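So the sequence lines, in the order shown, correspond to chains A, B, C and D. The numbering used here numbers the first residue of the first sequence as 2 and each following residue consecutively. The numbering used here numbers the first residue of the second sequence as 2 and each following residue consecutively. The numbering used here numbers the first residue of the third sequence as 2 and each following residue consecutively. The numbering used here numbers the first residue of the fourth sequence as 2 and each following residue consecutively. Quick reminder that beta carbons are idealized off the backbone N, C-alpha and C, glycines included. These figures come from a predicted structure and were not determined experimentally. Taking it in order: structure first as C-alpha cells, then the write-up.
Number of protein chains: 4
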Amino acid sequence: MSHNTFGHLFRVTTWGESHGPALGCVIDGCPPGIALSEADIQWAMDRRKPGGSRFVTQRREADEAKILSGVFEGVTTGTPISILIENTDQRSKDYGDIAQQFRPGHADYTYFAKYGVRDYRGGGRSSARETAARVAAGAVALKVLQVLIGEEVKVRGALVQLGTHKAARGNWDWEEVGNNPFFCPDPASVTLWEAYLDGIRKAGSSIGAVVEVQAEGIPAGWGAPIYGKLDSELASALMSINACKGVEIGEGFGAAELSGEDNADEMRMGPDGPEFKSNHAGGILGGISTAQTVVARMALKPTSSILNKRESIDVKGNEVELLTKGRHDPCVGIRAVPVAEAMMACVLLDAFLRHRGQTGGGPHHVG
Amino acid sequence: MSHNTFGHLFRVTTWGESHGPALGCVIDGCPPGIALSEADIQWAMDRRKPGGSRFVTQRREADEAKILSGVFEGVTTGTPISILIENTDQRSKDYGDIAQQFRPGHADYTYFAKYGVRDYRGGGRSSARETAARVAAGAVALKVLQVLIGEEVKVRGALVQLGTHKAARGNWDWEEVGNNPFFCPDPASVTLWEAYLDGIRKAGSSIGAVVEVQAEGIPAGWGAPIYGKLDSELASALMSINACKGVEIGEGFGAAELSGEDNADEMRMGPDGPEFKSNHAGGILGGISTAQTVVARMALKPTSSILNKRESIDVKGNEVELLTKGRHDPCVGIRAVPVAEAMMACVLLDAFLRHRGQTGGGPHHVG
Amino acid sequence: MSHNTFGHLFRVTTWGESHGPALGCVIDGCPPGIALSEADIQWAMDRRKPGGSRFVTQRREADEAKILSGVFEGVTTGTPISILIENTDQRSKDYGDIAQQFRPGHADYTYFAKYGVRDYRGGGRSSARETAARVAAGAVALKVLQVLIGEEVKVRGALVQLGTHKAARGNWDWEEVGNNPFFCPDPASVTLWEAYLDGIRKAGSSIGAVVEVQAEGIPAGWGAPIYGKLDSELASALMSINACKGVEIGEGFGAAELSGEDNADEMRMGPDGPEFKSNHAGGILGGISTAQTVVARMALKPTSSILNKRESIDVKGNEVELLTKGRHDPCVGIRAVPVAEAMMACVLLDAFLRHRGQTGGGPHHVG
Amino acid sequence: MSHNTFGHLFRVTTWGESHGPALGCVIDGCPPGIALSEADIQWAMDRRKPGGSRFVTQRREADEAKILSGVFEGVTTGTPISILIENTDQRSKDYGDIAQQFRPGHADYTYFAKYGVRDYRGGGRSSARETAARVAAGAVALKVLQVLIGEEVKVRGALVQLGTHKAARGNWDWEEVGNNPFFCPDPASVTLWEAYLDGIRKAGSSIGAVVEVQAEGIPAGWGAPIYGKLDSELASALMSINACKGVEIGEGFGAAELSGEDNADEMRMGPDGPEFKSNHAGGILGGISTAQTVVARMALKPTSSILNKRESIDVKGNEVELLTKGRHDPCVGIRAVPVAEAMMACVLLDAFLRHRGQTGGGPHHVG
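See below:
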C-alpha cells in the first residue's frame with residue numbers, strides 16, 4: 002500500500018480533509034463494461050453517513066457521491082473513476098486551543114512531528130471523514146464483484162462487541178443489522194447497548210468496539226503467496242481504518258489456544274465440490290481463498306475526543322489540560338462497519354483481478 | 002505488498018521452496034555505506050534455525066546466509082543485496098500420498114485451486130522454511146537502523162502465550178528470552194511450558210501461540226497516512242507470516258473495552274521532549290510513530306501437520322483419511338519470534354526511508 | 002508507472018475525459034511545508050491552454066486549477082493535493098458518425114478493442130486534454146524543486162522542429178520561446194514557421210514536431226540503477242504524452258554515429274567541483290544525474306484528426322470514409338512543450354525524493 | 002519501474018555485479034502450468050554470451066542459467082523463479098588506477114556521487130554484464146507468451162545501424178540475422194561492417210549503433226492509458242539498457258516530418274478482421290496494441306572504455322589522463338540485440354497479464 006492509495010490492479014486513491022471543500026477518491030483499474038450509476042454508490046454512503054442517530058457524531062452531511070469520470074452512457078469505460086463528495090457542514094469557527102494543542106490519543110502530535118504542519122480543523126486528513134471516500138470505492142468494488150462473479154457475492158459487516166458487551170453469536174440475524182443504530186446482529190443486545198452507550202455519551206466519554214465483516218460467494222484461489230496473501234491484504238486494509246488496533250482472520254487470537262486437531266478444517270466432497278466441516282480458517286489458507294466465507298474482525302479503540310479534561314502539551318511545549326468541545330462521537334466503531342465492508346470489497350476485487358491476470362481467473366477443480 | 006516482495010524503498014523479494022536446492026532473498030534499496038558482513042546476518046539465522054530443541058521441527062539445516070552481491074569491501078554499495086541459503090536436509094523421499102492429498106488446514110488445497118499445480122515436497126513455497134530468507138533481510142534492516150538511527154534501536158520479540166498459558170507480564174525479563182527454547186520472557190513459565198508442550202508433542206498434536214515484538218529507539222514521525230500507516234504495514238507484514246491469524250498494536254483487541262479516558266495516552270513535557278504517561282497506543286498514533294516503544298502482537302494457529310488421522314480429500318476428489326508422517330513441529334509459533342522481529346525491522350527501516358524521502362527525515366520538535 | 006498514476010514517492014494520479022464535467026489530478030507525496038497557491042499553478046495552465054493562437058485547437062477553456070486538499074494556510078501539509086479543472090467548452094453535440102467510426106491513427110480503435118466500450122466524445126480519456134492535469138502537477142513539482150534545491154532549478158522546453166523545419170541551435174534564445182505561438186527558441190524561424198503552418202492549417206492537414214526540454218540546476222546523484230534510471234523514467238514519462246513516438250537523451254540517436262572518443266564527456270576540476278568539457282550525455286550517466294543540464298527530446302506525430310477524407314472502418318465492421326469536422330489542431334506538438342516540462346519536473350522531483358530516501362539526499366563530493 | 006525491478010504482474014528483479022561471484026534474477030508472477038526447462042533459457046543466453054566474435058568483449062563466460070525455484074516437475078508453479086548465473090571469468094587483478102579514477106562517459110562518477118562508494122571492478126552493477134539476467138527473464142517471458150497466445154508470437158531484433166552505416170531495409174532477411182556476428186539483417190552489409198568495425202577495433206576506439214526489435218502475433222488491446230501505455234513501458238524498458246540514448250516506436254522521429262495524411266494508418270476489413278494499410282504507428286495507438294507488428298528502435302552510444310587516453314579526474318579531485326586496458330568492446334550495441342528482445346518480451350507479457358486482469362484478456366472484435 003502506498004500512502005494514499007491502496008490496491009494493485011483495482012487501485013483507490015483518496016484525498017481530502019475533514020474541513021476542506023470536498024473529499025473524494027480516484028479508482029483506477031475498474032473493469033470496463035459494468036453498469037454503474039451514482040445510485041449504486043449512494044446507498045452505501047447513506048449507511049456510513051454521520052448524524053443518523055444520537056450514538057454517532059452530529060455532523061450533518063448529505064454525502065452525495067458524484068461521479069466525474071470513467072463512466073459513459075451508464076457503464077464503466079476502464080478509465081479512472083473520480084468520485085467527489087462535498088463537505089457542507091464543516092462549521093467554520095475559531096479553532097483556538099485546538100490549533101495549538103495535541104489531543105491525547107489523536108494523530109495531532111504525530112502529524113506535527115512528521116510534517117511540522119497540520120490541518121488542525123477537525124483532524125484534517127486524519128479525520129474519520131476520509132472514510133467516506135472509501136465507502137464510495139467499496140460500493141463500486143461490490144457492484145463489480147456481483148457482476149463479474151455473481152449476485153451471490155455478499156460482503157457485509159456487523160458490530161459484534163460494544164465495549165464490554167458482546168453480541169451473542171447464537172442470535173445472529175443479518176436482517177437485524179440494518180434495524181438498529183449499532184449495526185448489531187443480535188436483537189437481544191440492542192436495548193442493553195442503547196442504555197450502555199447512552200450512559201457513556203452522557204458522561205462525555207467514549208468506548209471501543211469490535212466489527213466483524215464477512216464475504217460470501219468468493220471462489221477458491223484468490224489471494225497469493227507470500228506478501229500478497231489475502232489475509233495480509235485484509236489486515237493492511239482494515240488496520241488502515243481510523244482507530245483500528247487489531248485484526249483477526251477466522252479464529253484469530255482464539256487459534257492460539259487451539260490444538261491442531263481442533264483448528265484445522267477437515268474436508269469432504271460435496272455435490273458441488275470440496276466442502277469443509279468447519280471454518281476456523283476464516284475462508285483463507287496459505288493466503289488464498291478456500292471458497293468458504295471469508296471472516297475478519299477488527300478492534301476499534303474509543304475515540305479520544307471526549308468532553309472530559311485530559312493532560313497534554315501544545316506545539317510550544319507547554320503542558321496543558323484540554324477537552325474537546327462540540328460534536329461528540331461516543332463510539333467511532335459503529336460507523337466503521339460500512340467502512341470495513343468497503344475495504345473488504347476492494348481487497349477482494351483486487352485479489353480477483355490479480356488472480357485473473359496471473360492465472361486466467363478460474364479455480365482449478367478437484368476430480 | 003506485491004506477491005513475493007515487500008517494502009517500498011527497502012524492498013525484499015524472497016524466493017525458494019522447502020525442498021528445492023536453495024532459497025534466498027534480494028534486498029533492493031539498502032542504503033549505501035553501511036558496514037555489512039555475513040556475520041551480521043548469521044546470528045539471526047541461527048536464532049530461527051530448525052532443530053534447536055525437541056519443541057521444533059527436527060529438520061537440520063546449517064542455514065548459512067551467503068551474500069552474493071551488493072556489498073563491496075565490507076560495505077553496502079546501494080545496489081541489490083542477494084542472499085543465498087542452501088537447503089541441505091530436504092530428505093529426498095517417496096512423497097506418496099502427500100503428493101495427491103490435501104492436508105486439512107494447510108495451503109495444499111488452495112495452491113492447487115489457484116495454480117492447478119503445486120510443489121508438494123514439504124509444502125513447497127508455503128513452507129515456513131521461506132521465513133529463513135526474511136530473517137536474513139531483517140538482520141540487514143536492523144543493522145542499517147542501528148547505523149543510521151543509533152545503537153539504541155532494538156527490535157526484539159518473545160513468545161507471550163503458548164496455547165492456553167500466558168507469560169506473566171510482571172515477570173518480563175528480556176535476558177531470559179534467549180535462555181529457553183520458547184523465547185519465553187517469563188522465567189517462571191518455562192518449566193510449565195516444557196511439560197505442557199512435551200505432552201502435546203508426545204500426543205502427536207500441536208498448539209497455537211502468541212508472539213509479541215517490540216521496537217525501541219524509534220523516533221517520532223515514521224509511517225504515513227492513510228494506507229501507508231505504520232500499523233497497517235506492520236499488520237500486513239506480520240499477517241504474511243505462516244500460521245498468523247491475528248495482529249494487534251498496543252492494546253489491540255483490549256482497546257475495544259476501554260473508555261476514551263483510559264485508552265488515550267496523556268502527554269507531559271520531559272527533559273528531552275514530549276513524554277507519554279502510558280503506551281496504550283503501542284507507539285503509533287494516526288499511523289505515525291510517537292517515539293514510544295512500538296508494540297505488536299500476532300496470533301499463530303497450531304500447525305496442522307499432526308500425527309493423528311484427519312479427514313480430507315485428494316486431487317481426484319476422493320475422500321481420504323490422512324496423517325502427516327515424519328518431522329513434527331508441535332508449535333510453529335516458537336520460531337515465529339525471530340521472523341516477527343525481522344519483519345518489524347524491515348517495516349521500520351522502510352518507513353524511515355520513505356519518511357526521509359518525503360520530509361528530509363527528522364522529527365519536528367515541539368517548543 | 003501504473004495505468005493512471007506516475008511517480009514513486011511523488012505520485013501523480015490523473016483522471017477525466019475530454020468532454021466530462023471536469024478533470025484533475027491527485028498528487029501524493031508532496032513534501033510538507035512548501036508555500037503553494039493556485040497562482041503557482043495557473044501560470045503553467047495558461048501556457049498550455051488551448052485557443053491561444055490559430056495554430057492550436059480553438060477550444061476555449063479557462064483551465065482554472067482549483068486546489069481541493071493538501072494545502073492549509075498557504076503551505077503543503079504532506080497529504081494529497083487534489084486539483085480540479087472544470088471543462089467548460091465541451092460543446093454538447095451530435096457525435097453521429099464519430100460514435101461508431103474509428104479515426105485512423107487515433108486510439109479510437111484500440112480503446113474499443115481493449116475495453117469494448119469507449120467515450121467517443123472528443124477522444125474521451127485519450128484526448129490531449131488529459132495533459133492539463135499533468136501541467137498542474139508539474140507546476141507543483143517545479144515549485145517544490147525550487148524551494149528544496151534552489152531557485153537555480155529551471156525546467157524549460159522549446160519546439161525545436163516543426164515538420165521538416167528545424168530551429169537553428171545557434172540562434173537559441175530562451176527569451177524568445179515565450180514570444181511566439183510555437184515556443185520556438187529561434188527568432189529567425191518564426192516567420193517561416195507561421196507561413197508553413199498556415200499552409201498546413203488551411204489545407205486541413207497536420208504536421209509533426211520535435212520538443213526539447215532541459216533541466217538546469219540539478220545536482221549529481223539523482224536517479225538510480227537499473228530500472229529506475231533517470232533517463233528510463235524520463236523516457237517513460239515523455240512517451241506517455243499523447244502523440245509521442247520517440248524520446249532521446251543528450252545526443253540521442255546521433256550517438257549511434259559517434260566514436261567513443263567523441264561521445265564521452267571528458268572531465269576537469271573546476272572551482273566548484275567536477276566539470277565536463279561537453280554534454281553529449283545529456284546530464285545523465287548510468288541513469289544518474291551528473292549535475293550538467295539534463296537534456297531530452299521527444300518526437301510528436303501529426304494529429305490524425307484532419308479535415309480530409311481517410312479510409313477506415315466502424316464498430317460494425319463496415320468500411321467507411323471519414324473526416325474530422327470541427328476544431329482542428331494542425332500541430333499538437335506545440336502544446337506538448339509545457340506538458341514535457343511538467344513531466345520532466347515531476348520525474349526530477351520524484352528522483353530527488355527517492356534519492357533522499359535511500360541515501361540522505363546529498364551528492365558525494367570528490368576531493 | 003522500481004530500481005532493480007521491472008514489470009507489474011510479471012515482475013523481474015535482477016541483482017549482481019560484473020565481478021561478483023554470480024548474478025541473477027527473480028521472476029515473480031510467472032503464470033503457472035507452463036512447461037519450462039533450463040534449455041528454454043540457455044539458447045537466449047548463448048545468443049548474448051560474450052566472446053563469440055572479435056567484435057565483442059573477449060570475456061569468456063559459460064553463462065549457464067540455473068533455475069533454483071518456481072519450477073516443479075518441469076512446469077512453472079506460479080511461485081518465484083530464481084535464476085542464477087555464475088561469473089567465472091572475472092579476472093581477479095590489480096585494479097590500480099581504475100579504482101580511483103572516473104572513466105569519462107561511464108557511470109563511475111555518478112555512482113560515486115550518488116552512493117559515495119562503488120564497486121569499481123569491471124563497472125560493478127553498471128556493467129552490461131547485468132543484462133545476462135534480463136535475457137534469462139526474457140526467455141521465460143517469450144516461452145510463456147508462446148504457450149498462452151500461440152507459437153505465432155515472435156519477438157526478434159536486429160542491428161539496423163552500425164555507426165554511420167545503415168542496413169538496407171529492402172534487403173531485410175530475418176534468417177541472415179543469426180548468420181553474422183552483428184545480428185545484421187542485411188546480407189549485403191556484413192562484409193562492409195566487418196571491415197568498418199575492424200578498423201575501429203584496431204584503432205582502440207568504439208562506435209554506436211541502432212537496434213530494432215519487432216514483436217509479431219500480438220493481439221489488439223494490450224497496454225493501457227495513460228502512464229501504463231505499451232510504448233511508455235517499452236521506452237522505459239529499452240532506455241534502461243546500458244548505453245541506450247534514444248527510443249523510437251514505429252516511425253519514431255521520422256513522424257515529426259510527416260503530415261497527418263501520411264502518418265495515420267488507414268483501416269480496411271480483412272477476412273480475419275481489421276487490417277491496416279500501413280504501420281507507421283509501430284503497432285501501438287493510444288498506448289494500446291493494434292494487432293500489427295510492434296516495432297521499436299533504440300540508439301546505443303559507443304562504449305567509453307577505449308584504449309586511447311582521455312582527460313578525467315579521480316576521487317581525490319586530481320585531474321588525470323586515463324585509458325582502459327584489457328578487454329575492449331568496439332560496439333556494445335551488438336549484444337544489445339538479444340537484450341532488447343528480452344525486454345520487449347517481458348513488457349509484452351506483463352501487458353498481457355495486466356490486460357487479462359483488468360478486462361478478462363480478449364480483444365473485442367468489430368462486427
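Would you tell me roughly how many angstroms separate the C-alpha atoms of residue 32 of chain A and residue 77 of chain A, rounded to the nearest one? Reading the first sequence from its first residue, position 31 is the one you call residue 32 of chain A. Reading the first sequence from its first residue, position 76 is the one you call residue 77 of chain A. For residue 32 of chain A and residue 77 of chain A, the distance between alpha carbons rounds to 7 Å.
How would you write the range of the alpha helix (DSSP H) that residue 29 of chain C sits in, first residue to last? Against the third sequence, residue 29 of chain C aligns to sequence position 28. Premise fails: residue 29 of chain C lies in the beta strand (DSSP E), 23–29, not in any alpha helix (DSSP H).
Find out if the Cβ-Cβ distance for the pair residue 282 of chain B, residue 345 of chain B is shorter than 8 Å. Translated into the one-based positions of the second sequence, residue 282 of chain B becomes position 281. Translated into the one-based positions of the second sequence, residue 345 of chain B becomes position 344. Cβ atoms of residue 282 of chain B and residue 345 of chain B: not closer than 8 Å.
Using a Cβ-Cβ cut-off of less than 8 Å, give me the residues of the region 50–82 of chain C that come near chain B, in sequence order. 79 and 80
Contact belief for residue 68 of chain A with residue 86 of chain A at Cβ below 8 Å, rounded distance in angstroms: Here residue 68 of chain A is taken as the residue at index 67 of the first sequence, counted from 1. Here residue 86 of chain A is taken as the residue at index 85 of the first sequence, counted from 1. With a Cβ gap of about 11 Å, residue 68 of chain A and residue 86 of chain A do not count as contacting.
Counting only the same chain and skipping the five closest in sequence on each side, list residues whose C-beta sits under 7 Å from that of residue 247 of chain B. For the purposes of this step, residue 247 of chain B is identified with residue 246 of the second sequence, where counting begins at 1. Cβ within range, chain order: 299 and 300.
For residue 132 of chain B, count neighbouring Cβ atoms within 10 angstroms of its own Cβ and tell me buried if that reaches 16, exposed if not. Numbered from 1 along the second sequence, position 131 holds the residue referred to as residue 132 of chain B. Buried: at least 16 other Cβ atoms inside 10 Å.
Keeping to the same chain, check which residues put their C-beta closer than 7 Å to that of residue 166 of chain C; ignore five residues upstream and five downstream. Looking up residue 166 of chain C in the third sequence gives position 165. Closer than 7 Å at Cβ, skipping near neighbours: 190, 193, 194 and 197.
Would residue 110 of chain D pass as an interface residue toward chain C - the criterion being a Cβ-Cβ separation below 8 Å? For the purposes of this step, residue 110 of chain D is taken as residue 109 along the fourth sequence, with counting starting at 1. Chain C, which has a Cβ nearer than 8 Å to the Cβ of residue 110 of chain D, makes this yes.
So, using beta-carbon positions, are residue 207 of chain A and residue 303 of chain A closer together than 8 Å? Sequence index remark: in the first sequence, residue 207 of chain A carries index 206 (1-based). Sequence index remark: in the first sequence, residue 303 of chain A carries index 302 (1-based). Yes, Cβ-Cβ distance for residue 207 of chain A and residue 303 of chain A is below 8 Å.
With a 10 Å radius around its C-beta and 16 neighbouring C-beta atoms as the bar for buried, classify residue 172 of chain C as buried or exposed. By one-based count along the third sequence, residue 172 of chain C stands at place 171. Burial call: exposed.
Contact criterion: CB-CB distance below 8 Å. Does residue 18 of chain C meet it with respect to chain A? As a working note, residue 18 of chain C is residue 17 in the third sequence. So, interface residue.
C-alpha distance - residue 115 of chain D paired with residue 120 of chain A, whole-angstrom precision: In the fourth sequence, residue 115 of chain D corresponds to position 114, counting from 1. In the first sequence, residue 120 of chain A corresponds to position 119, counting from 1. Looking at the two C-alpha atoms, the distance is approximately 35 Å.
Output needed for residue 188 of chain C: all residues of its chain with C-beta closer than 7 Å, excluding positions within five of it in sequence on either side, in chain order. Taking the third sequence and counting its residues from 1, the one referred to as residue 188 of chain C is at position 187. Closer than 7 Å at the Cβ level, and outside the excluded window around residue 188 of chain C, lie 172, 174 and 177.
Can the beta-carbon of residue 27 of chain C be found closer than 8 Å to that of residue 141 of chain A? By 1-based counting over the third sequence, the position of residue 27 of chain C is 26. By 1-based counting over the first sequence, the position of residue 141 of chain A is 140. It is not a contact, given that the beta carbons lie outside the stated cut-off.
Which chain C residues are close to residue 310 of chain A, counting only those with a beta carbon under 9 Å from its beta carbon? The residue labelled residue 310 of chain A in the question sits at position 309 within the first sequence. Chain C residues near residue 310 of chain A: none, gap ~27 Å exceeds 9 Å.
Taking Cβ positions only, does residue 444 of chain B come closer than 8 Å to chain D? Any property of residue 444 of chain B remains undetermined from this structure, which presents chain B solely from 2 to 368.
Is there a Cβ of chain D sitting closer than 8 Å to that of residue 1 of chain B, yes or no? Nothing in the structure corresponds to residue 1 of chain B, since chain B is present only between 2 and 368.
7 Å Cβ cut-off: residues of chain B touching residue 354 of chain C: Against the third sequence, residue 354 of chain C aligns to sequence position 353. The answer, in chain order, is 358 and 359.
Using a Cβ-Cβ cut-off of 8 Å, state whether residue 282 of chain D counts as contacting chain C. Start at 1 with the first residue of the fourth sequence, and residue 282 of chain D comes out as number 281. Judged by the 8 Å Cβ criterion, residue 282 of chain D is in contact with chain C.
Identify the residues that DSSP records as bridge partners of residue 329 of chain B: which are they? By one-based count along the second sequence, residue 329 of chain B stands at place 328. Paired residues: none, contrary to the question.
Assuming residue 266 of chain D and residue 280 of chain D form a contact by the criterion Cβ under 8 Å, report the distance between their Cβ atoms to the nearest whole angstrom. The sequence position of residue 266 of chain D within the fourth sequence is 265, counting from 1. The sequence position of residue 280 of chain D within the fourth sequence is 279, counting from 1. With 8 Å as the limit, residue 266 of chain D and residue 280 of chain D qualify as a contact, their Cβ atoms being about 6 Å apart.
Have a look at the DSSP bridge pairing and note the partners of residue 353 of chain A. Your numbering for residue 353 of chain A matches position 352 in the first sequence. Partner(s): none; residue 353 of chain A has no beta bridge.
Take residue 23 of chain B and list the residues in its own chain whose beta-carbon comes closer than 7 Å to its own, dropping the five residues that flank it on each side. In the second sequence, the residue the question calls residue 23 of chain B occupies position 22. Contacts found: 17, 85, 86, 87 and 88.
For a test of the three-state rule: what should DSSP assign to residue 339 of chain A, helix, strand or coil? In the first sequence, counting from the first residue as 1, residue 339 of chain A sits at position 338. Of the three classes helix, strand and coil, the one that applies to residue 339 of chain A here is helix, per DSSP.
Report the neighbours of residue 32 of chain A on chain D: residues whose CB is nearer than 7 Å to its CB, in chain order. The residue you call residue 32 of chain A lines up with position 31 of the first sequence. What residue 32 of chain A touches in chain D: 359 and 360.
List the residues of chain A whose Cβ lies closer than 9 Å to the Cβ of residue 10 of chain D, in chain order. As a first step, residue 10 of chain D is located in the fourth sequence; it is residue number 9 there, counting from the start. The answer, in chain order, is 9, 10, 355, 358 and 359.
6 Å Cβ shell around residue 316 of chain B - same chain, five flanking residues per side excluded: Taking the second sequence and counting its residues from 1, one reaches residue 316 of chain B at position 315. Cβ neighbours of residue 316 of chain B beyond the five flanking positions: 101.
With a threshold of 8 Å between beta carbons, is residue 368 of chain A in contact with chain D? In the first sequence, the residue the question calls residue 368 of chain A occupies position 367. It does not; no Cβ of chain D falls within 8 Å.
Should residue 190 of chain D be flagged as near chain C, meaning a C-beta pair shorter than 8 Å? Numbered from 1 along the fourth sequence, position 189 holds the residue referred to as residue 190 of chain D. No - not a single Cβ of chain C is within 8 Å of the one on residue 190 of chain D.
Quick one: what's got a C-beta closer than 6 Å to residue 238 of chain C's C-beta in the same chain, skipping five residues either side? In the third sequence, the residue the question calls residue 238 of chain C occupies position 237. 344 and 348.
Is it buried or exposed for residue 327 of chain C, if we count other Cβ within 10 angstroms and need 16 for buried? The residue you call residue 327 of chain C lines up with position 326 of the third sequence. It is exposed - the Cβ of residue 327 of chain C has fewer than 16 other Cβ atoms within 10 Å.
Contact list for residue 226 of chain B against chain C, beta-carbon separation under 8 Å: Position 225 of the second sequence, counted from the start, is the residue given in the question as residue 226 of chain B. Within chain C, the residues near residue 226 of chain B are 80.
Nearest-angstrom Cα separation, counted from residue 325 of chain A out to residue 306 of chain A: Taking the first residue of the first sequence as position 1, residue 306 of chain A is located at position 305. Taking the first residue of the first sequence as position 1, residue 325 of chain A is located at position 324. Looking at the two C-alpha atoms, the distance is approximately 5 Å.
Taking the alpha carbon of residue 111 of chain A as the point to measure from, which residue in A:127, A:123, A:96 and A:97 has its own alpha carbon closest? Within the first sequence, residue 111 of chain A is the residue found at index 110, counting from 1. Comparing Cα-Cα distances from residue 111 of chain A to each of A:127, A:123, A:96 and A:97, the minimum goes to A:127.
In chain B, which residues lie with their C-beta within 9 Å of the C-beta of residue 115 of chain D? By one-based count along the fourth sequence, residue 115 of chain D stands at place 114. Near residue 115 of chain D (Cβ distances below 9 Å), the residues of chain B are 33 and 79.
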